[in-house]
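See below for the structure under consideration.
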Amino acid sequence: MPGATVTATNLTVDYGTAADPLRVLDDVTLTVTAGERIAITGPSGAGKTTLLALIGGLEPVRAGRVLVDEVDLAGLSGDDLARYRHLTVGFVFQHFGLLGTLTALENVELAMSFGGIDRRTRRLRATELLASVGIAARADHRPAALSGGEAQRVALARALANRPALLLADEPTGNLDHDTAARMLDLIDEVAADHGATLVTVTHDPAVAARADRVVRLRDGRVVAA
Amino acid sequence: MTWADALAAAGRSLGRRAGRAVLTVVAVALAAALLSALLIISTSARTRVLTQLSKGGPLSGIQVAAAAPSATALDSDNPRPGRARPIDAATVARIRAVPSVRTVVPIEVNPVLALTLTGDHQPFADRVGSFDLRRAGTVPVALVTGRLPAPHSETEVAVSEGYLHRVGLDKKSAARAVGTEVELGAPREFPRRGGRFDIRGRWTRAQIVGVVAQQVVDAEFLASPALVAAQRSWTAQSVTGSDFGLPSSRYAALFVVADGLARVGDVRAAIDRLGYSTSAPENLIETVQRYLHVVEIVLAGIGLIALAIAALGITNALLAAIRERRREIGVLKAIGARDRDVRRMFLIEAGITGFAGGVIGTAIGYGIARLLGAVVNTYLVDQGLRGVAIGLPWTVLGGGILGATVLAVVAGLLPAQRAARLPARQAMGDA
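Protein sequence lines correspond, in order, to chains Z and X. Just so we're aligned, residue 26 is where the first sequence starts under the numbering used here, counting upward by one. Just so we're aligned, residue 6 is where the second sequence starts under the numbering used here, counting upward by one.
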């Protein structure tokens, strides 16, 4: 699947209460072209993760607009949004987000279980994906038995399970040591390119940001550089 | 997500929190055990009491005497029969044709002189009764010990408690009578010179194979129709027509079974109109059933309260699990799980807990009921009474397991809904 084009327009997000409002995103406008790799950086509380959550459909768009390949996320709700997350987006989390009761293989399979794919096909594709991220030998291990780098590879394989057009990574190397992080970034770049996916990475790390085609810098909920 | 996938996910989730899952299952199991034990005991007690009232026969049984009805026949459970009236095959056919009559069992009797072959006991005159022993379940005859005679045997009899007293035994020692022998002589008059008569007997040597709690139409002995027919044929040929107490008709009585207790009154009225006296413990049984029903409601209420408490335990355990798994639920949603997928997983988790608790609890409840039954039976047998048979009714088995499962699923509704509504953003933590 070719990468997705993301167009965010005038995104505003407020948390807190009416008496004590907290503006997390303030009129953010951003465009990511298909297949582009961008990094979103900024200090803590700048709104990076919230922006990623809006693009990924993890959070409803209440003010502003997010178009992903002409699909208006504000118009999606419930099952449609779940379907969008399932078919269009692949997430890589800082904390890996693997289910502890499942093996590496089952974690990857799980991502396909919400799309009506039969078990045999799921298993076959999960095995291929684990092989593609170089961790086939650890397929039957549970997350607790995996190193940080291995767990993140499994998470990456899971993110690719449904051939997403949009790969969203939230501090993907935050829990990895320097060398492992470098290898992980190489791998993410490689698989994103192989799949033609648009890659949006949230990071504090300048080294990670440096690998992107473009860096979007946020501060206090506003885009200060793009 | 398919049901199979959700089931597997729920099973794994329970396995990961095995300690909490076990405690929750134990709580459900204890409640289900209490409920099922109470229901099994009350059901067994109900059966025992009603069996006692119906003397071992069906609750809708009606005794038809070879007599005309008395004025109070239909108002009383035990009316006084009127003048004697024969019962023949035509009578049986007419009563069979009465609406709501399920079955009619004719009862035959014959006078006998009994001679015990063990101990030093005086011969005594009594009666031997019979009915189709293949239909023993339809006649109010309950075994105290041993078994009933074989349906076609001419060498086996069962005796009632009256016989035990004659040979110096009582209910507690009834088993000692089983295996002993008795000779039964059917009397018959033969002519002698001078207009006088000799009485001779047709003797049958029979083994006592069982002791029954009730007499069959005042007969101390119960035998097969073949034995009684042979005896009756002999006695009926008495030259003077002296009957030795022999009934004027072939059948001494009938036992009629109606289509349910509610139909007993109508059937009795119909038989009354045919000109025969009837008796049935219908009024007593209905009254006792009402009291037993109240007892059952109270006992079931106690068990249900226990199950409700267990259900709260399930709710609490699931809510705790959801608190711990907020991020995991968020991740599931991030990779495509719909609200209904998450809800389904938690409901299945609750259902598995309830089902496991129901199975274990019902088994434990049955065990408790058996244990209590054994204690009660020890007392009853010591008192010379029949023990209580503790069974596991399908209603209790199904109700215990299904009830616990359904209750657990209901208890899981709120937590499952809460889990389903968690925002997908939880995948990224509480940012």
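Using N, Cα and C, we set each Cβ at its ideal position, and we do this for glycine too.
Could you name the residues that DSSP lists as bridge partners for residue i?
i, result
"L55 of chain Z", "Z:A33"
"A64 of chain Z", "Z:T226, Z:V240"
"E194 of chain X", "X:I204"
"A218 of chain X", "Answer is none; A218 of chain X lacks a bridge partner."
"L191 of chain Z", "Z:V114, Z:T223"
"T283 of chain X", "X:V69"
"R247 of chain Z", "Z:R244"
For residue i and residue j, I'd like the C-alpha separation in whole angstroms.
i, j, result
"L127 of chain Z", "T205 of chain Z", "23 angstroms"
"T283 of chain X", "Q220 of chain X", "17 angstroms"
"D10 of chain X", "R348 of chain X", "13 angstroms"
"A180 of chain Z", "A311 of chain X", "45 angstroms"
"L43 of chain X", "G405 of chain X", "11 angstroms"
"D346 of chain X", "A339 of chain X", "12 angstroms"
"A33 of chain Z", "T54 of chain Z", "5 angstroms"
"A234 of chain Z", "G356 of chain X", "48 angstroms"
"E61 of chain Z", "T223 of chain Z", "5 angstroms"
"I213 of chain X", "R205 of chain X", "24 angstroms"
"H170 of chain X", "A38 of chain X", "44 angstroms"
"D195 of chain Z", "Q119 of chain Z", "6 angstroms"
"L212 of chain Z", "I319 of chain X", "44 angstroms"
"R198 of chain X", "T240 of chain X", "21 angstroms"
"P420 of chain X", "G141 of chain Z", "26 angstroms"
"R330 of chain X", "Q177 of chain Z", "20 angstroms"
"A446 of chain X", "F260 of chain X", "This structure does not reach residue 446 of chain X, given that chain X is present from 6 up to 436, and the question cannot be answered."
"A50 of chain X", "V393 of chain X", "7 angstroms"
"K177 of chain X", "G215 of chain X", "14 angstroms"
"P145 of chain X", "P63 of chain X", "7 angstroms"
"L401 of chain X", "L297 of chain X", "According to the sequence provided, residue 401 of chain X is Val. The question's Leu does not apply to it. Looking at the two C-alpha atoms, the distance is approximately 17 angstroms."
"R25 of chain X", "L385 of chain X", "43 angstroms"
For residue i, tell me which candidate among the options has the shortest Cα-Cα distance.
i, options, result
"G370 of chain X", "X:I204, X:R53, X:P398", "X:P398"
"D238 of chain Z", "Z:D39, Z:T56, Z:L36", "Z:T56"
"T209 of chain X", "X:A429, X:E161, X:V272", "X:E161"
"H229 of chain Z", "Z:L47, Z:A59, Z:G115, Z:K73", "Z:K73"
"M6 of chain X", "Z:A232, Z:D52, Z:A194, Z:R147", "Z:R147"
"A351 of chain X", "X:R332, X:S105, X:L323", "The question names Ala, yet the displayed sequence has Phe at residue 351 of chain X. Measuring from the Cα of F351 of chain X, the nearest candidate turns out to be X:L323."
"P197 of chain Z", "Z:H111, Z:A190, Z:A184", "Z:A184"
"L36 of chain Z", "Z:R178, Z:D97, Z:V117, Z:A43", "Z:D97"
"G66 of chain X", "X:I290, X:T410, X:A315", "X:I290"
"R193 of chain X", "X:H157, X:A228, X:Q242", "X:Q242"
"R108 of chain Z", "Z:F139, Z:F121, Z:V158", "Z:F139"
"G280 of chain X", "X:L12, X:V97, X:R51, X:P63", "X:V97"
"A19 of chain X", "X:E354, X:V393, X:L317", "For the sequence presented, residue 19 of chain X should be read as Leu rather than Ala. The shortest C-alpha separation from L19 of chain X is found at X:E354."
"R207 of chain X", "X:L227, X:G215, X:S238", "X:S238"
"L418 of chain X", "X:A342, X:L317, X:A228, X:L55", "X:L317"
"I454 of chain X", "X:I276, X:G378, X:V110", "The structure shown does not extend to residue 454 of chain X, since chain X is modelled only from 6 through 436, so no value can be given for it."
"R172 of chain X", "X:F195, X:E225, X:D271, X:N83", "For the sequence presented, residue 172 of chain X should be read as Val rather than Arg. Taking only the C-alpha atoms, the option nearest V172 of chain X is X:E225."
What did DSSP end up calling residue i once you bin it into helix, strand or coil?
i, result
"P168 of chain Z", "helix"
"S150 of chain X", "The displayed chain sequence assigns Thr, not Ser, to residue 150 of chain X. Correct three-state label for T150 of chain X: strand."
"V269 of chain X", "helix"
"Y256 of chain X", "strand"
"S165 of chain X", "strand"
"R144 of chain Z", "helix"
"I395 of chain X", "coil"
"A276 of chain X", "Sequence inspection shows Ile at residue 276 of chain X; the Ala mentioned does not correspond to that position. Of the three classes helix, strand and coil, the one that applies to I276 of chain X here is helix, per DSSP."
"T2 of chain X", "Outside the shown range of chain X, which is 6 to 436, sits residue 2 of chain X, and nothing can be said about it."
"P420 of chain X", "helix"
"E196 of chain Z", "coil"
"V158 of chain Z", "coil"
"V117 of chain X", "strand"
"V33 of chain X", "helix"
"T240 of chain X", "helix"
"P156 of chain X", "coil"
"G366 of chain X", "helix"
"Y384 of chain X", "helix"
"P46 of chain Z", "strand"
"G372 of chain X", "helix"
"Q177 of chain Z", "helix"
"F129 of chain X", "strand"
"E225 of chain X", "coil"
"E186 of chain X", "strand"
"D39 of chain Z", "strand"
Within 6 angstroms: the Cβ of residue i and any heavy atom of the ligand COA?
i, result
"R163 of chain Z", "Questions concerning the ligand COA fall outside what the structure shown contains, since it holds no ligand whatsoever."
May I have a chain-ordered list of the alpha helix (DSSP H) segments no shorter than 4 residues that lie completely inside the stretch 72 to 114 of chain X? As far as the stretch 72 to 114 of chain X is concerned, its whole alpha helix (DSSP H) runs of at least 4 residues are 94 to 101.
Secondary structure, beta strand (DSSP E): runs of 3+ residues fully inside the stretch 295 to 357 of chain X: Whole beta strand (DSSP E) segments, 3+ residues: zero.
Sequence ranges, alpha helix (DSSP H) only - wholly within the stretch 90 to 140 of chain Z, length at least 4: Qualifying alpha helix (DSSP H) stretches, in chain order: 104 to 113, 129 to 137.
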